[in-house]
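Residue numbers (our numbering): 12 to 331. Note sheet for the following structure.
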Amino acid sequence: MKKTVFITRQLPDEAVAPLRERFDVDMWGSEDEPVPRDVLLEKAETAHALWTVISEEVDRELFGRAKNLEIVANMAVGYNNIDTEAAKEHGVAVTNTPGVLTETTADLAFTLMLAAARRTGQAEKALRAGEWKSWTPMGFTGQDIFGATLGIIGMGRIGEGVARRARGFDMDVFYHNRTRKPEAESMHGFRYSGLDDLLRRSDFIVVLTPLTDETRGLIGARELGLMKETAVLVNAARGGIIDEEALYDALRSGQIWAAGLDVFEEEPIGLEHPLLELPNVTALPHIGSASIKTRLAMMKLNAETITDCLEGRQPANRVV
Ligand code: NAP
Ligand code: GLV
C-alpha cells in the first residue's frame with residue numbers, strides 16, 4: 012500500500028508530479044479558499060504527510076488525531092502556524108522552506124519601504140480616480156530613502172538581504188537581534204544596536220523576526236513612542252509582532268509618518284479594519300515570497316522533504 016499525502020491547497024501539477032509517482036496524493040481543490048478545518052482534521056487522520064500553507068492551524072488537536080502522520084511540510088519559512096511542541100511529542104517531523112525565498116522577500120520589504128516613504132499607493136489611487144489636475148509643488152511629497160538610516164529588527168537571512176540592498180541606497184544600517192553578527196558588521200559595516208536606540212535613531216524600521224512568544228507585541232505603544240515623527244515602519248514578517256491598535260494610534264496622530272505592511276494579526280485583514288482607513292498605510296496581502304520562481308522553488312523543497320521522510324531518509328530543513 013502506498014503512503015498518503017494530503018496537500019492543503021491546490022498546487023501546480025509540475026510541483027506535485029514527483030509525489031504522485033510514489034504516493035497516493037490527495038489535494039484540496041482550491042487555490043484561494045483554505046481547506047475547512049473539519050476536512051483538514053479528517054484528512055489528517057489517515058495521511059502520512061501533510062503539505063500545508065501558513066493559513067492552516069496545525070495544532071495539538073490535529074496531531075492527536077493524526078495516527079499515521081510522519082511529516083508536516085510547511086510552504087513557508089515561518090512556522091508559527093504549527094504547534095512544534097505537539098509535533099515533537101507525537102514524533103512528527105516539521106519542515107519549512109528557508110533560503111530560497113530570502114531575496115524575493117527582501118525585495119518586497121524594500122518595495123514597502125519605498126512605497127510607504129514615497130506614497131506611491133496614494134498617488135496612483137489619485138491618478139486613477141482622475142484627481143491629477145496639475146504638477147503640484149508639495150503634492151505627494153514623501154521621505155527620502157537615499158542616505159537615510161535603516162534599523163532592522165531581526166537580522167537573519169531576509170534582514171541581511173534588506174541591509175545589503177540598503178547599501179546601494181547609501182543608507183546607514185543598524186540592526187537588532189538577540190545575538191550579534193560579527194561577520195555582517197565587519198564585512199558590510201552594519202552596526203548592532205539595542206532595540207530602543209535603534210527605534211530612536213532610525214528613519215526606516217523593518218521588522219523581520221519570526222513570530223514567537225518573545226516577539227509577539229514587540230512593537231507596542233512604548234516602542235512607537237520612541238520613533239521619529241518622520242519614521243516609516245515596515246512589517247514583512249508576521250502580524251502580531253506589531254500591536255495594530257497602537258500602530259493605528261501612532262499613524263493617525265502623526266507620532267510616526269507611515270507604515271508598509273505585508274502581514275496582519277488576522278489574515279485576510281477585514282476591509283473595515285481601521286488601519287485600511289489611513290492614507291499613510293501601504294498594505295499588501297502577504298506576498299513577500301510571491302515570485303513565480305521562488306514559489307516553485309519552495310514547492311520543490313516541500314516535495315523533496317516529504318519524499319525523503321516517507322522513504323526513510325532524513326528530510327532537509329527540519330525545524331522539529
Ligand atoms: P531567520 O534567518 O531565522 O531570521 C530571523 C532573525 O530574527 C534572526 O536573525 C533572529 O536572531 C532574529 N530574532 C529572533 N527572535 C528575536 C527576538 N526576540 N528579538 C530580536 N530578534 C530576534 O529567518 P528569515 O528567513 O530571515 O525569516 C524571518 C521571518 O520572516 C520568518 O520567520 C517569517 O515569519 C517572515 N517571512 C515573511 C514573509 C512574507 O511573505 N511576508 C516571507 C518570508 C518570511 P536571534 O536568534 O539572534 O535573535
Ligand atoms: C511566508 O510568510 C513565509 O514565512 O515564508
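Just so it is clear, CB atoms sit at the ideal spot from N, CA and C, and this is done for glycine as well. Treat the numbers as computed from the prediction; the structure is a model and nothing was measured.
In the DSSP assignment, W62 is bridged to I18, A84. Taking all protein chains shown into account, D181 has fewer than 16 neighbouring C-beta atoms within 10 Å of its C-beta and is therefore exposed. In the DSSP assignment, F151 is bridged to no other residue. The beta carbons of R168 and P109 sit about 7 angstroms from each other, so the pair counts as a contact at 8 angstroms.
Of all alpha-carbon atoms in N79, F151, D260, the one lying nearest the alpha-carbon of C320 is that of N79. In the DSSP secondary-structure assignment, I93 is bridged to V69. Taking 7 angstroms as the cut-off, the beta carbon of V245 is found no closer than this to the beta carbon of V274. In the assembly as shown, I253 is a buried residue. Its beta-carbon has 16 or more other beta-carbons within 10 Å. Residue environment for M149: exposed (fewer than 16 other C-beta atoms within 10 angstroms of its C-beta). Annotated three-state conformation of N246 is strand, per DSSP. Membership of V330 in any alpha helix (DSSP H) is not indicated, and neither H nor E is assigned to it by DSSP. If the five residues before and after G89 are omitted, its C-beta is found closer than 8 angstroms to the C-beta atoms of I65, N107, P221, L222, A248, R249, all from its own chain and listed in chain order. The closest heavy atom of the ligand NAP lies less than 6 angstroms from the beta carbon of I169. Annotated three-state conformation of H297 is coil, per DSSP.
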